[in-house]
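With the first letter of the sequence shown counted as 1, position 4 gets the number 11 in my numbering; the numbers rise by one all the way through. The structure appears below as structure tokens.
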Amino acid sequence: MKFNNVITISFVALLTISCSSIKRLQNKPIALINNVSYTNSKFNNPNASNGFLVKHSNNIYAITAKHVLMISKTDKMKFVDFEGDLKQWKMHPKNDSTTFIIADKLLSTNRKDSLTWNYMNTNWDTYNDWLVFSVKQNKTNYKPLAYRVKPLKKGEPLYVIGWSYKDVLGDQRIYEYEFDSTEGDYHNLIQVKGPESLGGLSGAPIVDKRGKWVGLVTSGGEDEKTKKVLLQATSNKNVIQFITELE
Numbered sequence: 008m009k010f011n012n013v014i015t016i017s018f019v020a021l022l023t024i025s026c027s028s029i030k031r032l033q034n035k036p037i038a039l040i041n042n043v044s045y046t047n048s049k050f051n052n053p054n055a056s057n058g059f060l061v062k063h064s065n066n067i068y069a070i071t072a073k074h075v076l077m078i079s080k081t082d083k084m085k086f087v088d089f090e091g092d093l094k095q096w097k098m099h100p101k102n103d104s105t106t107f108i109i110a111d112k113l114l115s116t117n118r119k120d121s122l123t124w125n126y127m128n129t130n131w132d133t134y135n136d137w138l139v140f141s142v143k144q145n146k147t148n149y150k151p152l153a154y155r156v157k158p159l160k161k162g163e164p165l166y167v168i169g170w171s172y173k174d175v176l177g178d179q180r181i182y183e184y185e186f187d188s189t190e191g192d193y194h195n196l197i198q199v200k201g202p203e204s205l206g207g208l209s210g211a212p213i214v215d216k217r218g219k220w221v222g223l224v225t226s227g228g229e230d231e232k233t234k235k236v237l238l239q240a241t242s243n244k245n246v247i248q249f250i251t252e253l254e
């Protein structure tokens, strides 16, 4: 009986922490979507998954997933380089395009990484799935995320903030996950409460209960054996190293 009481008390405490964390995050504007425009408008994509802001030292950067370019590129683009064709990379809340960030330069250009799904899949272990932009304009009240360096603990609650393609217009969604393990540059998360479909959630920030950034959404799906929905997230480690070397 004593053992059961301990479990019950622990569960209630965990639930209380989880609810307060979600409420705090709901009141903090974080999520943005990518609205990409090219000189040739036929390649425009006004809803190219998610992005967010991060602060390092005194600089602010706009971040999203690199594979977003594979759904938002021109025919001319073969590598992580706009080839002079980008007109504007804009980020804004899905429910309000009047509040926005305008990216300046793509700082993480790369003429080795091919913009194909095959290249991504065959180089998965070393594929740095992130883009880093400098920021030209910030017409929002958004405060950039601080990043976390402390290692994650197994079972720790984490939160994905953004929109899937199936999420209708409205406030940012907060989806709940649990940290399972880290393999190389990726965190493996178990879904607790997620979207109807993971499609479109790419590039969304993943934060801990204090709102510190730990990674971004790369891929996910259902485990064939356990039937649990798993999320694979690119760790913030290499992004922070890249930004540090820039500065």
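A virtual CB, placed ideally from N, CA and C, is assigned to each residue, including glycine. Because the structure is a prediction, the values reported are computed rather than measured.
Note: TRP220 is bridge-paired with TYR154, VAL214 in the DSSP secondary-structure output. By the CB criterion at 8 Å, VAL214 and TRP137 fall outside the cutoff. If only complete runs of 3 or more residues are kept, the region 79-108 shows the beta strand (DSSP E) at 93-99, in order along the chain.
Here LEU122 is near PHE86, since their CB atoms are less than 8 Å apart. Rounded to whole angstroms, the separation of the alpha carbons of ASN65 and LEU253 is 13 Å. In chain order, VAL43, SER79 place their CB closer than 6 Å to the CB of ASN52, counting only its own chain and leaving out the 5 sequence neighbours on each side. Of the residues assessed, TRP124 falls on the exposed side of the cut-off, its CB having fewer than 16 other CB atoms within 10 angstroms. Within a 10 Å sphere around the beta-carbon of PRO158 sit fewer than 16 other beta-carbons, which makes this residue exposed. Residue ranges of uninterrupted alpha helix (DSSP H) with 4 or more members, entirely inside the region 120-151 and ordered along the chain, are 124-129. For PHE50, no alpha helix (DSSP H) segment is defined, and its DSSP state is neither H nor E. Looking from the CA of ARG217, the closest CA among LEU165, TRP131, THR116 belongs to LEU165. In the displayed model, GLN239 falls within a strand according to three-state DSSP. Look at ILE181 here: in three-state DSSP terms it is strand. If you ignore the 5 residues before and after ASP187, its C-beta comes within less than 7 Å of the C-beta of LYS161, ASN195, LEU196, ILE197, all in its own chain and listed in chain order. Residue environment analysis places LYS73 among the buried positions, since at least 16 neighbouring C-beta atoms fall within 10 angstroms of its C-beta. Between PRO212 and PHE107, the gap from beta carbon to beta carbon reaches 8 Å or more.
For SER115, the secondary structure class from DSSP, reduced to helix, strand or coil, is coil. DSSP places GLU203 outside both helix and strand once states are collapsed to three, so it counts as coil. ALA153 counts as exposed, since fewer than 16 other beta carbons sit within 10 angstroms of its beta carbon. Your pair ALA110 and LYS143 checks out as a contact, with CB atoms roughly 6 Å apart and the cut at 8 Å. Closest in C-alpha terms to ASN47, from the list ASN135, LYS83, TYR68, GLY222, comes LYS83.
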